[in-house]
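Q: For the sequence shown, position 204 (counting from the first letter as 1) is numbered 203 according to numbering that gives the first Met the number 0, and the numbering increases by one without interruption. Before I ask anything, let me first share the structure, which is written out below as structure tokens.
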Amino acid sequence: MNIAARLPVTALICTTFLAACTAPVHQPLPETAIPDARLVLPAPPVSGSAAQADDDRVFHETRSLKDTPRWALAQRDADLEVPHLVKDFSCAVGYTLDLSKAPHLAAVLKQMENPIVHRTSEAKHYWHRTRPFVGTNLPICTSPEGLGLHSSYPSGHTTAGYGMALLLAHLLPEHATMILQRGRVFGESRIVCGAHWKSDVQAGFLNASSEMDTLLDAPELQDDLIAARKELRAMKGTTPAPDAAECAIEVEAAAHSILSER
């Protein structure tokens, strides 16, 4: 399997946790533990369609965001190293989320790795959609190296970010609204970045939802999920407050959705 095409998906469940994080060891869930995205998702827009024209328009319009605070947020959201991805939701809960203090959460992510990588990579290879920046000299917010030039649909970054939002909202339902809003902004960052079409991101939301809906009911995860909830709640008042300037940028991004204002 092409490692470049797998990269955006594998970061959700990357096994490079912080040294202090000693996770319980469990067997990974089977590849078939979640629905087949090739059947769940609609096909991407075809050339000449109104949907593809909309994708083209949004890609070109969002190039004007280069060097703005929204562009910088998209660059930060491009980092899918798991400790960073967990921390991305700190503003949403009001305190810093630190994966090194959550070994059971790390264990849950590790168990989810196999089916998420398999199913999302299957879909990417099946549709083999070319990314929007290919064949242009227009700016994108990250290096194209390692992205997989023809693995645009569905967005793996969106699957990762919104999947993490769904998981954290399940564990911290008292913060679900803001967590899910941040997950939406995370997906929209891929449009800002120029690494994905608008419809790739919309498919990523659906892909994450179908995957997590099944995974969160897996009997093998229930004990770790209960323990992970306690780990996350124990961080309140014991970890630093998130950066106020970064939180303000996230609030501004949430108020001006790329999906509705472009």
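Quick reminder that beta carbons are idealized off the backbone N, C-alpha and C, glycines included.
What did DSSP end up calling Leu179 once you bin it into helix, strand or coil?
A: Leu179: helix per DSSP, three-state reduction.
Q: Considering only the alpha carbon of each residue, which of Val116, Glu230, Val191 and Asp54 lies closest to Ala105?
A: Checked all of Val116, Glu230, Val191 and Asp54; the closest Cα to Ala105 is Glu230.
Q: For Arg56, count neighbouring C-beta atoms within 10 Å of its own C-beta (all shown protein chains included) and say buried if the count is 16 or more, exposed if not.
A: Looking at its Cβ environment, which holds fewer than 16 other Cβ atoms inside 10 Å, Arg56 is exposed.
Q: Return yes when the Cβ of Leu40 is within less than 9 Å of the Cβ of Pro153, no when it is not.
A: Contact flag set, yes.
Q: May I ask you to report which of helix, strand or coil DSSP gives Met211?
A: Three-state result, Met211: helix.
Q: Given that a residue counts as buried once 16 or more other Cβ atoms are within 10 Å of its Cβ, and exposed if not, what is Ala207?
A: Burial call: buried.
Q: Quick check on the burial criterion: 16 or more other C-beta atoms within 10 angstroms. Buried or exposed for Gln331?
A: Look at the range of the chain in this structure, 0 to 261, and you will see that residue 331 is not part of it.
Q: Can you give the beta carbon distance from Arg181 to Ala247, rounded, assuming they're within the 8 Å contact cut?
A: That belief does not hold up - the Cβ atoms of Arg181 and Ala247 are roughly 13 Å apart, past 8 Å.
Q: I'd like the ranges of any beta strand (DSSP E) spanning at least 3 consecutive residues and lying wholly in the segment 214-242.
A: Runs found: none.
Q: Alpha carbon to alpha carbon, how far is Trp126 from Ala252? Give it in angstroms, no decimals.
A: Near 30 Å, if we compare the C-alpha coordinates of Trp126 and Ala252.
Q: With distances taken between CB atoms, is the gap from Lys65 to Pro138 smaller than 9 Å?
A: The answer is yes: Cβ separation under 9 Å.
Q: Is any non-hydrogen atom of the ligand FAD found closer than 8 Å to the C-beta of Val184, if you look at the structure I gave you?
A: No copy of the ligand FAD appears in this structure; indeed no ligand is present at all.
Q: Spatial neighbours of His174 within its chain, please: C-beta separation below 7 Å, excluding the five flanking residues on both sides.
A: Same-chain partners within the cutoff: Ala91 and Val92.
Q: So for Tyr125, helix, strand or coil by DSSP?
A: In this structure, Tyr125 counts as helix in the three-state DSSP scheme.
Q: Go through its chain and collect everything with a Cβ distance to Val133's Cβ below 6 Å, but skip five positions before and after it.
A: Taken in chain order, the residues that qualify are Leu148.
Q: Pull up the distance between the alpha-carbon of Ser209 and that of Asp242, whole angstroms please.
A: Answer to the nearest angstrom: the Cα atoms are 32 Å apart.
Q: Decide if Ser259 is buried, meaning its Cβ has at least 16 other Cβ atoms within 10 Å, or exposed.
A: Exposed is the call here.
Q: Please state whether DSSP places Gly93 in a helix, a strand or coil.
A: Coil at Gly93, not helix or strand.
Q: Counting only the same chain and skipping the five closest in sequence on each side, list residues whose C-beta sits under 7 Å from that of His169.
A: Counting only Cβ-Cβ distances below 7 Å, and skipping sequence neighbours, we find Leu215.
Q: With DSSP collapsed to three states, give me the class of Glu80.
A: Residue state, collapsed to three classes: coil.
Q: Look at the Cβ atom of Arg261, then the Cβ atom of Thr61, and state whether they are nearer than 9 Å.
A: Going by C-beta atoms, Arg261 is nearer than 9 Å to Thr61.
Q: Could you give the distance in angstroms between the alpha-carbon of Leu220 and the alpha-carbon of Arg130?
A: Taking the straight line joining both Cα atoms gives about 35 Å.
Q: Look at the alpha carbon of Gly193 and the alpha carbon of Gln51, and state the distance between them as a whole number of angstroms.
A: Their Cα atoms are separated by approximately 15 Å.
Q: Compare the Cα-Cα distances from Ser256 to each of Phe185, Ile225, Lys109 and Gly236 and report the closest residue.
A: Ranking the options by Cα distance to Ser256, first place goes to Phe185.
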